[in-house]
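Here the structure is laid out as structure tokens; the discussion comes afterwards.
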Amino acid sequence: MKHTFTHLRSLLLIALFWAKAAAVHAQAPAWQTATAVASASNGAYTVTATAPDATGANLYVTGSFTGTVAMGGALITSAGLNDVFVGKWNVASRAFTWVQRAGGANNDQTLALAVRGVSVFVAGTFGVAASFGSVGLTSAGATDGFVAKLTDAGSTAAWVWAQPVGGLNEDRATALDVSGPNVYLAGTFRSQTATLGTLTLTNNTATGTTAGLAHVFLTKLADAGASSSFVWARAFGGAAADDAAAALVSSGSTVYLAGDYTGNLNLGSSTTLNSNGGRDVYVLKFVDGGANPALAWAKSAGGINADAATALALNGTSLYVAGSFGGLAIFDINGVVSNGPANAFVAKLADAGTSSTWVWAQQAGGTASDQATALAVSGSEVYMAGAFTSPTATFGSSNLANTSGATARTADVFVTRLNDTGPASTFDWAQKAGGTGADQATSLVVLGNTVHVGGSVTPPAAFGSQTITTAATVGVGFLAALRTSVLATATSTELAGLSLWPRPARGRATVQLPAVPGAAKATLTLLDALGRAVRTQPAATNAQTELDLTGLAPGFYAVRVQVGSASATQRLAVE
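Numbering-wise, the sequence shown is residues -26 to -1, 1 to 549 according to mature numbering (1 follows the signal peptide of the UniProt record, and there is no 0).
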């Protein structure tokens, strides 16, 4: 009995310690910057995907535009309808270093972006014919998917190669990632036969020139530098429509794929997923053996209404999935219930190698339609972004009011952060942006304590005290940033520039202390989950200090910084 009481007391102390942390730091961080990515325009433009370079000083940005827009000190003009742009955005100057366009006379758009060194890969759709620099593509029919590569030369960039994917009907490339020389591409095809280089895939719901229901494809290309070739391709689907492979993350030889399906999803080898009645979420894991991929496991979630996965993020063996759902959605033994016809969700999968388990799931939103479109993870922090049309959207204990008021029917941007404690999670804060027009976030990049958000807004759109105002009355692409401490339980203004990395940490962690007027010394205290001091060491302000984590058990800790009367506490996950 005494042992049981001690165990319960420990659990209570843990809960109180971290509940206090969440309660004190419930206030959302303010927007630091908000910029329209074009300085002048007689058309519309949007940001669809972003990714950082190796230094973190630049973001690669892609999207689509119509008409003529000014980006990177130059005017670019679409050849017809929507064209593609890819640019290198300097975070400090908030301007493009270079911009490249691609496309043709029809609708062309990018939907995904991945980076490896100075190689930038984009994927999307094009119609009839499109040019990527000197590389020309011709579609086999209505709309085909594409994947293309640029090389960043510093102040300029050039298209290197491009590959089409598809057949006679509507085909799209929607998800992309890179691992070494391997380029993984996913999407959907409605053509009876889709061609990928010398490979072909068949959709058994299509007949001749008549489009079938959407089936999903996953393929691997080998990037040879100046050229590329398709290595393998897989298709899967059922008797009903299977939507785009909405997100893709690769780690080494492991490829994760997520999206949604209706009815059943036939994955071959006697593996079939069956929905709970409506459209459900699927998450798949493949192990790339070189010449062919092997399905390691397949996971489903959802209910009798429309549910879809739109984003993935990976941290070790933890896989995070975000999207939208309606009504009751089941994630193994976890269930979430929407407040309206559609709400956002984020859920965690534990990858056990040959199987997986849903660990937790969280709902966010209000009485109308809300969805998550972007996801990022940094240590125990999970960031989610999207759009909400509800008059009020709820994220744990945080509420966001739609700019359009109680009768809101247009979407605002939301960004939120959750804390993953392992078997559960809690919302830390939520922030919004937008105006009375349609606004949405489409991308998230977390660099240190800065969260970069990309998407589109209809001006004027407010990001806290900042407003994007342009002459355009249609949608414009934006990049915005907010700075957040790492789960600080109390942060004095003197320590607002405090940084802690990496997260999670192994062996050592680095603390960057800002300059504090009148104080040259600080004390660092490492606390365990019970709030007990396990390490204490001196540090200098306006300098970096290494924390020795050797011998610590894996888990969550807190680093308390004391400089005179100023203090801050930040969480650190130790592996």
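Beta carbons are placed, not taken as given, at the ideal position from N, Cα and C, and that holds for glycine.
Among the options, which has the Cα closest to the Cα of residue i?
{"i": "residue 233", "options": "266, 166, 299 and 341", "result": "299"}
{"i": "residue 15", "options": "122, 191 and 51", "result": "51"}
{"i": "residue 294", "options": "242, 281, 350 and 261", "result": "350"}
{"i": "residue 477", "options": "429, 422 and 435", "result": "422"}
{"i": "residue 243", "options": "296, 269 and 264", "result": "269"}
{"i": "residue 484", "options": "546, 67 and 411", "result": "546"}
{"i": "residue 500", "options": "524, 310, 474 and 533", "result": "533"}
{"i": "residue 37", "options": "428, 507, 403 and 544", "result": "428"}
{"i": "residue 402", "options": "305, 212 and 358", "result": "358"}
{"i": "residue 508", "options": "496, 525 and 495", "result": "525"}
{"i": "residue 388", "options": "366, 398 and 399", "result": "366"}
{"i": "residue 212", "options": "229, 222, 188 and 230", "result": "188"}
{"i": "residue 198", "options": "455, 122 and 58", "result": "122"}
{"i": "residue 53", "options": "75, 185 and 517", "result": "75"}
Could you tell me how far apart the beta carbons of residue i and residue j are, in whole angstroms, since I believe they sit closer than 8 angstroms?
{"i": "residue 472", "j": "residue 488", "result": "6 angstroms"}
{"i": "residue 515", "j": "residue 493", "result": "6 angstroms"}
{"i": "residue 448", "j": "residue 442", "result": "Not confirmed; about 13 angstroms, so no contact."}
{"i": "residue 569", "j": "residue 5", "result": "Residue coverage of the chain in this structure runs from -26 to 549, which leaves residue 569 outside it and unanswerable."}
{"i": "residue 418", "j": "residue 479", "result": "Contact flag wrong, Cβ pair sits at about 22 angstroms."}
{"i": "residue 316", "j": "residue 334", "result": "Not quite, the Cβ-Cβ distance comes to about 20 angstroms (not below 8 angstroms), so this is no contact."}
{"i": "residue 153", "j": "residue 226", "result": "6 angstroms"}
{"i": "residue 259", "j": "residue 330", "result": "7 angstroms"}
{"i": "residue 521", "j": "residue 498", "result": "7 angstroms"}
Pick helix, strand or coil for residue i, following the three-state DSSP scheme.
{"i": "residue 244", "result": "coil"}
{"i": "residue 27", "result": "coil"}
{"i": "residue 373", "result": "strand"}
{"i": "residue 307", "result": "coil"}
{"i": "residue 81", "result": "coil"}
{"i": "residue -2", "result": "For residue -2, the predicted model reports a pLDDT of 42, less than 50, meaning its position is unreliable and no value from the coordinates is stated."}
{"i": "residue 472", "result": "coil"}
{"i": "residue 278", "result": "coil"}
{"i": "residue 52", "result": "coil"}
{"i": "residue 177", "result": "coil"}
{"i": "residue 166", "result": "coil"}
{"i": "residue 217", "result": "coil"}
{"i": "residue 297", "result": "strand"}
{"i": "residue 391", "result": "strand"}
{"i": "residue 423", "result": "coil"}
{"i": "residue 549", "result": "coil"}
{"i": "residue 430", "result": "strand"}
{"i": "residue 418", "result": "strand"}
{"i": "residue 448", "result": "coil"}
{"i": "residue 142", "result": "coil"}
{"i": "residue 402", "result": "strand"}
{"i": "residue 350", "result": "strand"}
{"i": "residue 92", "result": "coil"}
{"i": "residue 378", "result": "coil"}
Label residue i either buried or exposed according to how many other C-beta atoms from any shown protein chain fall within 10 Å of its C-beta, with 16 as the threshold for buried.
{"i": "residue 84", "result": "buried"}
{"i": "residue 1", "result": "exposed"}
{"i": "residue 49", "result": "exposed"}
{"i": "residue -2", "result": "Since pLDDT at residue -2 reaches only 42, below the 50 mark, its modelled position is unreliable, and no value is offered."}
{"i": "residue 127", "result": "exposed"}
{"i": "residue 92", "result": "exposed"}
{"i": "residue 528", "result": "exposed"}
{"i": "residue 130", "result": "exposed"}
{"i": "residue 353", "result": "buried"}
{"i": "residue 29", "result": "exposed"}
{"i": "residue 32", "result": "buried"}
{"i": "residue 380", "result": "exposed"}
{"i": "residue 251", "result": "exposed"}
{"i": "residue 266", "result": "exposed"}
By how many angstroms is the C-alpha of residue j removed from the C-alpha of residue i?
{"i": "residue 356", "j": "residue 278", "result": "27 angstroms"}
{"i": "residue 61", "j": "residue 536", "result": "42 angstroms"}
{"i": "residue 170", "j": "residue 394", "result": "40 angstroms"}
{"i": "residue 183", "j": "residue 118", "result": "14 angstroms"}
{"i": "residue 106", "j": "residue 77", "result": "7 angstroms"}
{"i": "residue 40", "j": "residue 369", "result": "35 angstroms"}
{"i": "residue 408", "j": "residue 453", "result": "13 angstroms"}
{"i": "residue 364", "j": "residue 340", "result": "5 angstroms"}
{"i": "residue 512", "j": "residue 193", "result": "53 angstroms"}
{"i": "residue 44", "j": "residue 420", "result": "27 angstroms"}
{"i": "residue 361", "j": "residue 396", "result": "27 angstroms"}
{"i": "residue 318", "j": "residue 284", "result": "10 angstroms"}
{"i": "residue 540", "j": "residue 426", "result": "28 angstroms"}
{"i": "residue 174", "j": "residue 168", "result": "6 angstroms"}
{"i": "residue 70", "j": "residue 11", "result": "8 angstroms"}
{"i": "residue 310", "j": "residue 282", "result": "14 angstroms"}
For chain B, is any of its Cβ atoms less than 8 angstroms away from the one on residue i?
{"i": "residue 203", "result": "The structure shown has no chain B; it contains just one protein chain."}
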